[in-house]
Ligand code: 0A1
Ligand code: ZN
């Protein structure tokens, strides 16, 4: 275990590694009671450093050291020291071979970092600092080496033995054992090392690259999952083609492998040539996966594949640069998903996540820049800020440069830095050099935390036919950062005339090119733009496509929102106007709970959406989703969670009541035609039908109930079965709900991915997710503390989605979470630290809540032997 006091690590302290490793030769002896790891490293002093004569220091964690040898001679215990998490060899030459033998216990590894066992198979997770749990090594991404890996194991229990690169040798050993040797020709940091050993079925396919090379594609899964591989395999081939077409990136090894494992802390991992996935992010069939799961799988398979260039060929110099690979790769996978489906829908989904969760992170105690300046535990920095905001930052560069110059920039970046470990600054410099643009102010997006606020005001002068727009930016203080400088913000806008047509945008003093959409570039604290020849008062359509990750404050009237909702030529902003209107109506009810009827214009707007079949149904399906409770909470100062919950429920009930007939005909119109497809239209049809069902059941409609029961029984796909189940679970039809839950579990109890969904539907519902019910679920035969997906689908769903129950006034939800975090901290600190998140927002809430959240945090803080992961989150939340 890690025993040292948590320490803060600073970017400013970065120095190049004192020793480089050119080659790593690994031999794993896998046994049931442990694994012996033989590691031979070809090491030399880094010539970049003057006066480089110090001791060799290697990182290690939870290792049992057996022997250390220098150039083939065993060192005596006086010739090296094990100091905490370091192995120190004081007296080494400039160039040498170090051989280290360690003993580890994968079967007892519940942290799921390093080498561990998951349902009988061995697998690894080395990012960020897991390799040090396997053997002593300079565990930092700027040490890049060539790896050769020999795996030895029992042939019957582990017929499949995998590592990075190409298999170069295999054979039998004594005692029913065998071995396979793998060689990876590309130098890589150790966080990209991977090993898998198990009794797995292999699925094969091929892909022919741009230059005509045939790549072997292989998926390895447990036998029971052999029918759930096709979608991931197809997604992989689409990703490979897309990366060639859009970025000119070709795959570089002869084999590309994907493995599915059930126990995994995150979604998936881009190990060179051997991507390892959380089963829930790769396995799918029509009967067991929802449309959302299919979409997620396509995106994650693409994400991991794209890392082969953005992350593996060009990697990060240090972990402060994490967004170099993650922000860029999320941007790339979003572009890909957008090209594969509906770009507007994809944008809506990204922005929803960003505004609900990343903005909350940016406003809380863990706020950090896209390139953090310090951290205690790097695992805590796999955040929405690094990933999602990081992707937005890259997207803004794309917007500022345009697609052609951006491509020139990415070509230059890959060419210039191939085989190197670099920084976000290197990325921006490549973009600058390729485009000739100055991005020096833009770099502040990497350095300053917090979500910028743009306050917009306007003035129309009828006589002069001018329209003036004033935009002021400010960036809120965040921990350790005050008085921030204005950032460089691309602000896309259009102006609509009274017929909803885009008006020409002629800037005073600018050229008359009659564009109807422009990207204004904000660089100062305040700007005023004057448009001329504006013959009528326009309705402004601001921040089109959400061109920057900012909040916009503009005094929209409800007329304007309704107008934009109906007419904006920018699909994203049409959706956004609808959301804003719904937020406004719900917020109105929160502050005046006794008000009677809700805004009648909201009802007619939704009626229009439901009944006009000529509208883009994919967009309509998104517009029919009311803003989530989490988003409403994020928007509020001192949110009253039960009041928000009730107001939202009331709006839902009134809409459903008024639109009953429209909902029933929507269900008719989108009836299942027996053919399951995943086009945006087909997905939208199912989404609309299931939303309509949910709304009807929300008001206890009996016809709705009958249809839900029937759909639940007859569905030929998981989207519809789960849609009906969720509607029943969230309804007051107790009998039908219980029956459906029971039969669902009976049918799918052997499928962990489906059982996770079954848990999560219950844990996130106010009807079935009371604290007692959650505790009940945790005693269910299928619940497993050691499996992160189960923990997330019960405890995570309760604290993150069942918000009225979690924020119960008596503080029981907070105390419960504190207990679970403390319990998990011993076995899996990464997951424990992530579960703390809802409590970290305590300052946002009114005193009754914040005091109890605070005391829950203090209980966690006082736990003995707290991990570094949880320590950092809790202490930062309590500070200041
Ligand atoms: N690099 C992976 C995410 C990942 C990060 C850390 C992990 O273990 C602590 C696992 C996976 C990705 O971006 O997909
Ligand atoms: Zn990634």
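Numbering (our numbering), first residue to last: 213 to 1092.
Don't be surprised by glycine CBs; every beta carbon is placed ideally from N, CA and C.
With contacts defined by Cβ atoms closer than 8 Å, residue 702 and residue 687 do not form a contacting pair. Between residue 613 and residue 647, the gap from beta carbon to beta carbon is short of 8 Å. In the DSSP secondary-structure assignment, residue 394 is bridged to 361, 379. Scanning the stretch 602 to 629 for uninterrupted alpha helix (DSSP H) segments of 4 residues or longer gives 602 to 629, listed from N- to C-terminal end. For the stretch 714 to 745, the full-length beta strand (DSSP E) segments reaching 3 residues or more read 730 to 734, 738 to 744 along the chain. Cβ atoms of residue 1089 and residue 1054 come within 8 Å of each other, at about 7 Å. Counting the other CB atoms within 10 Å of its CB gives residue 537 a total of 16 or more, which places it among the buried residues. Relative to the ligand ZN, even the nearest heavy atom lies 7 Å or more away from the CB of residue 597.
Residue 959 sits exposed, since fewer than 16 C-beta atoms from the chains shown fall within 10 Å of its C-beta. Between the ligand ZN and residue 519, a heavy atom-to-CB distance of less than 7 Å is present. A check of alpha carbon separations from residue 483 across 342, 992, 290 identifies 342 as the nearest. The continuous stretches of beta strand (DSSP E) do not include residue 798, which lies in the alpha helix (DSSP H) extending over residues 783 to 803. For residue 479, the CB falls within less than 7 Å of some heavy atom of the ligand 0A1. Straight-line spacing of the CA atoms in residue 543 and residue 595 works out to 15 Å. Judged by their CB atoms, residue 1076 and residue 1039 are not nearer to each other than the 8 Å cut-off.
Within the stretch 824 to 860, the complete alpha helix (DSSP H) runs of at least 4 residues fall at 829 to 835, 841 to 847. Here residue 421 has 427, 452, 456, 462, 463 as same chain residues with Cβ atoms under 8 Å from its own Cβ, once five neighbours each way along the sequence are excluded.
Not one heavy atom of the ligand ZN falls within 7 Å of the beta-carbon of residue 636.
Secondary structure of residue 583 (DSSP, three-state): coil.
In terms of side-chain proximity, the C-beta atom of residue 340 is found nearer than 7 Å to a non-hydrogen atom of the ligand 0A1. DSSP, read as helix, strand or coil, puts residue 319 in helix.
Selection 383, 561, 372, 459 evaluated against residue 470 yields 372 as nearest (Cα-Cα). For residue 250, the uninterrupted beta strand (DSSP E) segment begins and ends at 246 to 257. Our two residues, residue 630 and residue 528, have alpha carbons roughly 12 Å apart in a direct line.
Assignment of beta-bridge partners to residue 490 by DSSP yields 473. At least one heavy atom of the ligand 0A1 is found less than 7 Å from the C-beta of residue 1042.
Look at residue 995 here: in three-state DSSP terms it is coil, with no helix or strand label. Here residue 286 carries a strand assignment [DSSP, helix/strand/coil].
Note on residue 589: 16 or more other CB atoms within 10 angstroms of its CB, so buried under the neighbour-count rule.
By the Cβ test, the stretch 396 to 409 is in contact with the stretch 349 to 359, since at least three Cβ pairs between them sit closer than 8 Å. Taking the CA atoms as reference points, residue 521 sits about 8 Å from residue 626. Around the beta-carbon of residue 299, 16 or more other beta-carbon atoms lie within 10 Å, marking it buried.
In the structure shown, residue 308 adopts extended strand secondary structure according to DSSP, grouped into three states. Taking 7 Å as the cut-off, one finds at least one heavy atom of the ligand 0A1 near enough to the beta carbon of residue 482. Going by beta carbons, residue 270 and residue 334 fall outside the 8 Å limit. In the structure shown, the three-state DSSP call for residue 655 is coil.
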